[in-house]
Amino acid sequence: MTDYPRHLVDFIHLFNVDRAFYDCHEYGEELWLEQGRPPFLKGLIQTAVSLYHLESGNLGGARKLWRTASAYLSPYAPAYMGLDVERILQDMNKLFTEPGEPTPEQAATIRLHVVDPRLQDLLANWRVLPLDDNSAHSND
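So for the sequence shown, my numbering puts the first residue at 21; every next one is plus one.
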């Protein structure tokens, strides 16, 4: 893939930089609808919402969403849409299978690892615009 949808770049920035998992859901849903509701994107959205639930203290909801998200993401490993899907699966599975209950601090260590240099370049200076702003994103 040579061109990345702007809402995908927004989603990754919100996930990795802003750590705004609830906002990831909003931007992810826009992306999911724009792209025809692909299962991969549903899995990414559910991953973010799982972490949102974990940060909010809803461990049961976090676990349940991750189980569903991992089923959506697994067919796309090792990498898809510029992301290291295998690493997402490993990191999230480790989070929920290590002894003891996962904590919000552990959730803060989860990242979407970007494997495409073009996507890394886009993210380097990315600025997320509000969803209702129809102007083009820039990376200035």
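Think of the CB as a built atom: it goes at the ideal place given N, C-alpha and C, for glycine as much as any other residue.
With 16 other CB atoms within 10 Å as the buried threshold, where does T117 fall?
-> With fewer than 16 other Cβ atoms within 10 Å, it is exposed.
Would you tell me roughly how many angstroms separate the C-alpha atoms of A99 and V134, rounded to the nearest one?
-> 9 Å
Could you tell me which residues DSSP pairs with D8 in its beta bridges?
-> Only positions 21 to 160 of the chain appear in the structure, and residue 8 is not among them; the question remains open.
Counting pairs of Cβ atoms below 8 Å between the region 123 to 143 and the region 70 to 80, do you hit three or more?
-> yes
Where does the unbroken alpha helix (DSSP H) through Q126 begin, and where does it stop?
-> Start and end: 124 to 127.
Stretch pair the region 83 to 99 + the region 61 to 72: three plus CB contacts closer than 8 Å = yes
Would you check if the distance between the CB atom of G48 and the CB atom of L93 is smaller than 8 Å?
-> no
8 Å CB neighbourhood of E54 in its chain, flanking five on each side removed = Contacts found: P25, H27.
Straight-line Cα distance separating A40 from F31 = 9 Å
For K132, count neighbouring Cβ atoms within 10 angstroms of its own Cβ and tell me buried if that reaches 16, exposed if not.
-> A quick correction: the sequence has Leu, not Lys, at residue 132. Burial call: buried.
Just confirm the distance between the C-beta atoms of I130 and D111, as a whole number of angstroms; I'd bet it's less than 8 Å.
-> 5 Å
Unbroken alpha helix (DSSP H) run spanning F41, endpoints | 41 to 54
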